[in-house]
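Novice:
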Ligand SMILES: NC(=O)c1ccc[n+]([C@@H]2O[C@H](COP(=O)([O-])OP(=O)(O)OC[C@H]3O[C@@H](n4cnc5c(N)ncnc54)[C@H](O)[C@@H]3O)[C@@H](O)[C@H]2O)c1
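Numbering (the working numbering), first residue to last: 96 to 404.
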């Protein structure tokens, strides 16, 4: 198939392009390089089946494609809060432009959504049927509400025009090609541990997250896209929950670091708990994460070690 991946130069987008190329597809990778880096494309950018397009999804684009993976959007708070209006435009105008392209070409469409649409959840684990607890005017709203609107648009284009759509609700994912300075917890802790700087946890560090290795996540996205029926939103993530303090300890012992753990103020609307219910993905796609946190973290530590040399 001829597949368009938006957000191609980002962390997840670059792994997705590589996987799709390895599966024998032709891939057009589109990105405005806001948080993405050309370096992420280096291992496959010269392949004949790959084309890179420098473009911003808030503007329409005309291409002939069979499928679209819409991943374009800054995903870490420091980037998505730097220009909140552009963030929500990226989710909303981006979805409108790419769903318009899917409508014109008859392409299958996958929207990369997020566990953030559940906000600070009042139940755990979060099932797809949970509607969420989001502050619509808080500092995270540009991202959370933008993604919720993108889900609405994706569903309405399908209901109204019969588009074949998929919605992946992605939970925290980590691995090689994460940007070292974007404030995400795994990359933050590894960079701090490797440099011997204090490891900064928000508050007491008892808040929990569930971390999925990127290879598992990409496999879930591909399975969802190629699944024959459209199942509505599907959670993709690793259900193994860990407290932030525990994670910091694991990274310190894995890197042999002398770093101390220090506590800083907890950001506004920071969720206390995050854990996916992945029964739907298991039943429908036969998918569940295979890579343990210790295996995944060790590969990621190696990546950041190489970067620092
Ligand atoms: N990594 C995670 O843990 C996670 C979790 C939930 C959801 N997601 C979603 O997955 C997608 C990819 O996330 P990521 O972790 O790879 O983030 P990332 O920041 O590494 O990648 C996002 C990419 O989108 C590009 N981009 C941003 N605005 C754009 C625009 N207007 N036009 C074109 N390109 C634009 C950036 O330059 C970047 O390359 C995002 O939609 C994100 O919301 C990621």
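C-beta atoms are modelled at their ideal positions from N, C-alpha and C, and glycine is treated no differently.
Please read all numbers here as calculations on a predicted model, not as lab measurements.
Which residues share a DSSP beta bridge with residue 304?
Specialist: What you label residue 304 is simply residue 209 of the chain shown in a count that begins at 1. DSSP, once it has assigned bridges, lists 337 as partnering residue 304.
Novice: Ligand 1 heavy atoms versus the CB of residue 152: any closer than 6 Å?
Specialist: Translated into positions along the chain shown, residue 152 becomes position 57. Because some heavy atom of ligand 1 lies under 6 Å away, the Cβ of residue 152 counts as near it: yes.
Novice: Roughly how many angstroms lie between the CA atoms of residue 369 and residue 267, to the nearest whole one?
Specialist: Numbered from 1 along the chain shown, position 274 holds the residue referred to as residue 369. Numbered from 1 along the chain shown, position 172 holds the residue referred to as residue 267. Using only the alpha carbons, I get a separation of about 9 Å.
Novice: Check this for me: beta carbons of residue 291 and residue 354, under 7 Å apart or not?
Specialist: Along the chain shown, one-based indexing puts residue 291 at 196. Along the chain shown, one-based indexing puts residue 354 at 259. Contact: yes.
Novice: From the DSSP output, in three-state form, read off residue 203 for me.
Specialist: For the purposes of this step, residue 203 is taken as the residue at position 108 of the chain shown. DSSP places residue 203 in strand when its eight states are reduced to three.
Novice: Can you give, in chain order, each stretch of the beta strand (DSSP E) that sits fully within the region 116-150 and has at least 3 residues?
Specialist: Counting whole runs of 3 or more residues, the region 116-150 contains the beta strand (DSSP E) stretches 121-126, 145-149.
Novice: Any contact between the region 302-311 and the region 241-254? By contact I mean 3 or more CB pairs, one from each, below 8 Å.
Specialist: Verdict: no, contact absent.
Novice: What does the Cβ neighbour count give for residue 236, buried or exposed, with the cut at 16 atoms within 10 Å?
Specialist: Stepping through the chain shown from its first residue, residue 236 is reached at position 141. Residue 236 is buried by the Cβ-count criterion.
Novice: Within 6 Å: the Cβ of residue 262 and any heavy atom of ligand 3?
Specialist: The ligand content of the structure shown is limited to ligand 1, which means ligand 3 is not among them.
Novice: How is residue 387 classed by DSSP in three states: helix, strand or coil?
Specialist: Counting from one through the chain shown, the residue named residue 387 turns up at place 292. Reduced to three states, the DSSP call for residue 387 is coil.
Novice: Just how far apart, CA to CA, sit residue 397 and residue 348?
Specialist: Within the chain shown, residue 397 is the residue found at index 302, counting from 1. Within the chain shown, residue 348 is the residue found at index 253, counting from 1. Between residue 397 and residue 348, the C-alpha separation is close to 14 Å.
Novice: Excluding the 5 residues flanking residue 384 on each side, which residues of the same chain have their C-beta closer than 6 Å to its C-beta?
Specialist: What you label residue 384 is simply residue 289 of the chain shown in a count that begins at 1. Excluding sequence neighbours, residue 384 sits near 307, 311, 333.
Novice: Can you list, in chain order, the residues of its chain with a C-beta nearer than 7 Å to that of residue 371? Leave out the 5 residues immediately preceding and following it.
Specialist: Translated into the one-based positions of the chain shown, residue 371 becomes position 276. Hits under 7 Å: 210, 220, 221, 266, 305, 330, 332, 334.
Novice: Would you check if there are 3 or more beta carbon pairs closer than 8 Å linking the region 274-291 to the region 214-234?
Specialist: No contact exists between the region 274-291 and the region 214-234.
Novice: Quick check: what's the CA-CA separation for residue 157 versus residue 297?
Specialist: Position 62 of the chain shown, counting from 1, holds the residue named residue 157. Position 202 of the chain shown, counting from 1, holds the residue named residue 297. Spanning the two alpha carbons is a distance of roughly 44 Å.
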